[in-house]
Amino acid sequence: MLEALGMAGRENSNAAVMYHSAMGERLGLGMTEEKTLDLLQRLGPLTAGEIGQHAGLAPATVSGLIDRLEAKWLVRRVRDTKDRRRVIVEINHERLAGFAELFEPFVAALSELYGRYTDAELELILDFVNRSTALQRRATEELVRETS
Numbered sequence: 001m002l003e004a005l006g007m008a009g010r011e012n013s014n015a016a017v018m019y020h021s022a023m024g025e026r027l028g029l030g031m032t033e034e035k036t037l038d039l040l041q042r043l044g045p046l047t048a049g050e051i052g053q054h055a056g057l058a059p060a061t062v063s064g065l066i067d068r069l070e071a072k073w074l075v076r077r078v079r080d081t082k083d084r085r086r087v088i089v090e091i092n093h094e095r096l097a098g099f100a101e102l103f104e105p106f107v108a109a110l111s112e113l114y115g116r117y118t119d120a121e122l123e124l125i126l127d128f129v130n131r132s133t134a135l136q137r138r139a140t141e142e143l144v145r146e147t148s
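Given below as structure tokens:
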């Protein structure tokens, strides 16, 4: 069973990477750019440091990433109204209009899949996903720390 779980996890990871790679290509974005936009959509405007923390990326990588997204008019840097020394990165929502529609078929398929499980089963699945995500984030931070 543990071997099957390991293999299923690898397959799931590969499928996610390939999906986001294909989606990024369709949108004219690198995978890291696409996932950064996802972070900003879910969490709202963030500083470069906060993006780095959430994405597990080194500061130099984040600066280049924001530069690329800004050059594509997908984000903008704005001064924090409370602390003018801070710069916040926010999404240019007008430019992203229509992007969400590309995700709708997959989101609908997932909703249908969720309907096959009981609430108790979904709680167990959610616990596993949350815990494995935390492990992967720590592993990513470790890799970034070793190369910095």
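According to full-length UniProt numbering, the sequence shown is numbered sequentially starting from 1.
For each residue, glycine too, the CB sits at the ideal point set by N, CA and C.
- Message: Using 8 Å for Cβ pairs, my map puts residue 155 next to L40. What's the rounded Cβ distance?
- Response: The structure shown has nothing for residue 155, since the chain only spans 1 to 148.
- Task: Would you kindly check if the distance between the Cβ of L69 and the Cβ of E121 is under 8 Å?
- Result: no
- Determine the extent of the alpha helix (DSSP H) in which R131 is found, giving its start and end residues. D119 to T147
- Task: Just grab the DSSP bridge partners of I51 for me.
- Result: Paired residue(s): none; I51 is not in a bridge.
- Task: Would you kindly check if the distance between the Cβ of M23 and the Cβ of L110 is under 8 Å?
- Result: no
- Rounded to whole angstroms, what's the CA-CA distance from T61 to A55? Just pull it up for me. 10 Å
- Simplified DSSP state of R85, which is helix, strand or coil: coil
- Message: Please report the distance separating the alpha-carbon of G52 from that of A58.
- Response: 6 Å
- Anyone know if the C-beta pair for R79 and V89 falls short of 8 Å? no
- Message: Using only CA atoms, which one of E25, G44, A16 and M7 lies nearest to H93?
- Response: G44
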